[in-house]
Amino acid sequence: MTTKKRGLAKGRGLDALLGSIQKEKLQIEAQAIDHGQLKQIDVNLLKRGEYQPRRFIQEQDLKELASSIEKHGVMQPIVIRPIEDEQYPYEIIAGERRWR
Numbered sequence: 001m002t003t004k005k006r007g008l009a010k011g012r013g014l015d016a017l018l019g020s021i022q023k024e025k026l027q028i029e030a031q032a033i034d035h036g037q038l039k040q041i042d043v044n045l046l047k048r049g050e051y052q053p054r055r056f057i058q059e060q061d062l063k064e065l066a067s068s069i070e071k072h073g074v075m076q077p078i079v080i081r082p083i084e085d086e087q088y089p090y091e092i093i094a095g096e097r098r099w100r
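The numbers in full-length UniProt numbering rise by one with no breaks, and the one at position 56 of the sequence shown is 56.
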């Protein structure tokens, strides 16, 4: 009676097992490129956030923020999301004051 060997067939190493995992990882990474990456978007394509709690922003606060941005640059980019609007295809989620 012959005993069946356990493990991989001859010539099939870990690559045979892990190949599909690596392929899945590459697909996930490719999808992530579109999500969470920095992109430059024309400011004229942005729409004020619908859920922005601040309806009015003091002019002096905007001037101080503008001065800080001129001096130090933008420390954190604004966050946007695509929406179904031909005129303004992106909505601001965070950073509306920096946009103004």
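Glycine included, C-beta positions come from ideal geometry on N, C-alpha and C.
A quick note: this is a predicted structure, and the numbers were derived from the prediction, not measured.
Item: Identify every residue that forms a DSSP beta bridge with residue 155.; Value: What is shown of the chain runs 1 to 100, which leaves residue 155 out entirely.
Item: Near Tyr-90, what residues of its chain come up, given a Cβ to Cβ distance below 8 Å and the 5 sequence neighbours on each side ignored?; Value: Ile-41, Leu-45, Leu-46, Lys-47, Ile-80, Arg-81, Pro-82, Ile-83
Item: Taking the alpha-carbon positions, what's the Leu-65 to Arg-97 distance?; Value: 8 Å
Item: Rounded to a whole number of angstroms, what is the C-alpha to C-alpha distance between Glu-70 and Gln-58?; Value: 19 Å
Item: Please name the residue, chosen from Phe-56, Tyr-88, Gly-95, Gly-49, that lies closest to Val-74 on a Cα-to-Cα basis.; Value: Gly-95
Item: Just the Cα atoms here: how many angstroms apart are Lys-63 and Pro-77?; Value: 18 Å
Item: In the structure shown, what three-state DSSP assignment does Lys-39 receive?; Value: coil
Item: Hey, could you find the ends of the alpha helix (DSSP H) Gln-65 is sitting in?; Value: Note that residue 65 is Leu in the sequence shown, not Gln. Segment 59 to 72, the alpha helix (DSSP H) holding Leu-65.
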